[in-house]
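In the working numbering, the protein residues as written are 2 to 419.
All C-beta atoms, glycine included, are put in the ideal place defined by N, C-alpha and C.
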């Protein structure tokens, strides 16, 4: 049975669709834990494939650069061959960068981690002494800290138990690392396949959307996809570059000040800087706490430098990297960070800003425009209805209509007129 187009224009159908959509949204928001658990299960099963898609998406702009700027002059090769050359060059460049970073960072990073784990007991003991001094100072000021000291002691004992000291814990830790490395290797292989067939897949998807959607809807969806892609790519590239700049500046500062764990703490600061809003605060807190256990003056200088660096990063570096592409109000970013972190964890926090930017331009350029057009049509219909009613009231062709005379008083129409 074919449904008429006017069927969806009926009032009760629109109300039913609106109520159904509202109920689905309410159920999804009220069961975020269940929804997040289902998504996490699916993501865990398909993790290598998802990693391959993400890697291919991030590397695709570099493939385009090689194909358009480097290998475009090789006219004697077919376009498919030039595409294969571009993908191969991209993979080789990325692998070369990874190898160089591993050669430069991995030995120092492993040494820092091993030294930190060996001295973890001494650091915790030092932290306990600092806390004991703080508790004694609070007691001397007449503060009740009986429950506070017990809670801190339990927390430190739990932190000590978390350290992988037992063979079973070390085996579990190493196994998780092995599984993660295996997933990344499979993801890279999948990314190569995705990059090789990217144009064919995108062409098939465009053809399918063209068959399923009207020309106007297809054009709107295509524009939305292009703009979302531009926002996401610029955000990912800018965020990674910003994290590298912050990590390098932090490393240079710590080397000049001769602070310990320069590589480890700079890596922590750079990685946490990828997360918006709360990431830099977390990185600065972790670095300051570790340095506080070794040398309080180092912790103070590190904290001061972190505040200065994050101020420069927020007002100078990020505006130059992102430009006006991600102009979103801070409240929307905060809401997206909280909801995304609650529902999807770290991934939700990392993608909060581009999601907020995409939602913002959809709201401003699609929803508001449609509502404005709807209001204009409604006002036009209202004015048209008023005009028809006014014309019917004053029409002299109706013998029962009272026509006003020059004094403004209505006169009865002459019923005997021919």
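Item                                                                                                                              : Value
Nearest candidate by alpha-carbon position, reference residue 337, set 322, 356, 319                                              : 356
At least 3 beta-carbon pairs within less than 8 Å: the region 254-264 vs the region 225-244                                       : no
Limits of the unbroken alpha helix (DSSP H) element including residue 81                                                          : 80-119
The region 194-214 touching the region 242-253, judged by at least three CB pairs closer than 8 Å                                 : no
Endpoints, the alpha helix (DSSP H) within which residue 360 is located                                                           : 353-363
Through-space distance from residue 91 to residue 238, alpha-carbon basis                                                         : 15 Å
C-beta atoms of residue 303 and residue 290 nearer than 7 Å                                                                       : no
Pick from 319, 93, 126 that is closest to residue 240, judged by C-alpha positions                                                : 319
Beta-carbon contacts of residue 109 that lie in its chain and below 7 Å, excluding the five residues immediately before and after : 264
At least three beta-carbon pairs within less than 8 Å, the region 218-226 to the region 39-55                                     : no
Length of the line joining the Cα atoms of residue 18 and residue 62                                                              : 40 Å
Proximal residues to residue 251 (C-beta, below 6 Å), its chain only, five neighbours per side dropped                            : 267, 270
Beta-carbon gap between residue 127 and residue 294 smaller than 7 Å                                                              : yes
For residue 214, three-class secondary structure by DSSP                                                                          : coil
Backbone secondary structure at residue 242 - three-state DSSP                                                                    : helix
For residue 60, the nearest candidate out of 218, 280, 235 (CA to CA)                                                             : 235
Stretch-stretch touch, CB-based, cutoff 8 Å, three pairs: the region 87-105 with the region 62-72                                 : yes
Proximity of residue 188 and residue 56 at Cβ, strictly below 7 Å                                                                 : yes
Residue environment, residue 297, which counts as buried when at least 16 other CB atoms sit within 10 Å                          : exposed
Where residue 206 falls, given that 16 or more other Cβ within 10 Å makes a residue buried                                        : exposed
C-beta atoms of residue 307 and residue 280 nearer than 7 Å                                                                       : no
Delimiting residues of the alpha helix (DSSP H) encompassing residue 290                                                          : 279-295
Secondary structure of residue 274, DSSP reduced to three states                                                                  : coil
Cβ separation of residue 199 and residue 53, assumed to be a contact under 8 Å, to the nearest whole Å                            : Incorrect: roughly 12 Å between the Cβ atoms, too far for contact.
Distance, residue 76 Cα to residue 197 Cα                                                                                         : 20 Å
Residue 341 beta carbon less than 7 Å from that of residue 353                                                                    : yes
Residue 259 (DSSP reduced to helix, strand or coil)                                                                               : coil
Contacting residues, own chain, Cβ-Cβ under 8 Å from residue 71 (five flanking each side not counted)                             : 87, 90
Reduced DSSP secondary structure (H/G/I, E/B, other) of residue 374                                                               : helix
Length of the line joining the Cα atoms of residue 94 and residue 104                                                             : 15 Å
Contact set for residue 39: own chain, Cβ-Cβ below 8 Å, skip 5 residues either direction                                          : none
Endpoints, the alpha helix (DSSP H) within which residue 367 is located                                                           : Careful: residue 367 lies outside any alpha helix (DSSP H) and carries neither H nor E.
CA-to-CA distance, residue 117 to residue 138, given in whole angstroms                                                           : 29 Å
Range of the contiguous alpha helix (DSSP H) that encloses residue 53                                                             : 48-66
Three-state secondary structure assigned by DSSP to residue 198                                                                   : coil
Proximity winner among 181, 25, 299, relative to residue 49 (alpha-carbon distances)                                              : 181
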